[in-house]
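Structure record follows, encoded as structure tokens.
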Amino acid sequence: MSSIVTGEAVVLELRPASFAARALSSIIDVSAQLVVLIGLLLLFAQTLGESVDPALGQALILTLVVLVMIGAPVAVETLTRGKSLGRLAMGLRIVRDDGGAVRFRHCFIRGMAAVLEIYMSAGSVAFIAAMFNEKSKRLGDMMAGTYALRERVTAPPPNLVQMPPWLHGWAQLADMGRFPDSLSRRVSRFLGQAPRLSPQARAARAAELAAEVSAFVSPQPPAGTPAEDFLSAVMAERRDRDYARMTRQREQTERVGRRLHRLPFEQ
């Protein structure tokens, strides 16, 4: 599993697709493309047959092959933001290395690379490349800066920070300034990972973060407050204040909307 930090300082845990899932999705895609291609070639032979000049017929057949094996997959992948028939069946999606949606440029590079590593080599080049890559990337992914992401995963329960009861009164009266996004992100990650840390590392990391957070909090917590309790109290209070503020804003917007709605009738 890999971690991606968004522009809003939210840490996303993304799970790359396994090699087996990618292989099955590719088999489904290639099989579907072959069925469509064979159907179009049969239709071409039945409708035009020998009435077409041989050179023109070869050019049309080559055009069909390019459209079905390269053009169609690139177009579908671009329009669906990384999906295909096989990936839809396997619950996968192609994304950029930073977790963002792919664009035409990424899909075109992957489609052109597929000619060599999937069609011309019967998938052997893609197989070898994916076997030795931690994200099961094929050459097209390495060139385009993409990888396959598993979408059908069980969402873990949210890790809600709890307010230490004995710090509740202090937290309600404390003045808490806006934290830098990087600091807020590091505190949130620490509180979520703290149970998995060794006692020594947990205490040292909590003390380090508490020293940074204390610069934005006034007054300081009661003497003898454990650093981790201090961090939990600050993050829980900030969350509750943000929720209360958004609730007030929503209620105010709804009141203004109701007044504007009644205004024509009152006139």
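If you read the sequence shown in the working numbering, its first letter stands for residue 913, the second for the next number, and so on.
Positions of the beta carbon are idealized from the N, C-alpha and C atoms, including for glycine.
According to DSSP, is residue i helix, strand or coil?
| i | result |
| --- | --- |
| M1088 | strand |
| A929 | coil |
| V1099 | helix |
| V1125 | helix |
| S1144 | helix |
| A1139 | helix |
| S1130 | strand |
Please classify residue i as buried or exposed, where buried requires at least 16 neighbouring CB atoms within 10 angstroms.
| i | result |
| --- | --- |
| T959 | exposed |
| D941 | buried |
| A1034 | exposed |
| L1079 | buried |
| I1021 | buried |
| A1148 | buried |
| V1168 | exposed |
| E1163 | exposed |
| Y1059 | buried |
| P1134 | exposed |
| M981 | buried |
| D1152 | exposed |
| S900 | Outside the displayed range of the chain (913 to 1179) lies residue 900, so it cannot be described from this structure. |
| A971 | exposed |
| A1139 | buried |
| D1154 | exposed |
| G1081 | exposed |
If you follow the beta strand (DSSP E) that residue i is part of, which residue opens it and which one closes it?
| i | result |
| --- | --- |
| L1061 | T1058 to R1062 |
Between which two residues does the alpha helix (DSSP H) carrying residue i extend?
| i | result |
| --- | --- |
| I1021 | F1016 to A1026 |
| I1040 | S1036 to M1043 |
Going by the CB atoms, is the gap between residue j and residue i shorter than 8 Å?
| i | j | result |
| --- | --- | --- |
| M1002 | A933 | yes |
| S1048 | S1144 | no |
| R993 | V1014 | yes |
| F1091 | F1142 | no |
| M1055 | A1026 | no |
| V988 | L949 | no |
| S963 | L1004 | no |
| R1062 | P966 | no |
| L1095 | V1073 | no |
| A1086 | S1130 | yes |
| L1121 | R1098 | yes |
| E1029 | A1038 | yes |
List, from N- to C-terminal side, the alpha helix (DSSP H) runs of 4 residues or more that fit wholly inside the region 966-1011. 966-978, 984-991 and 997-1002
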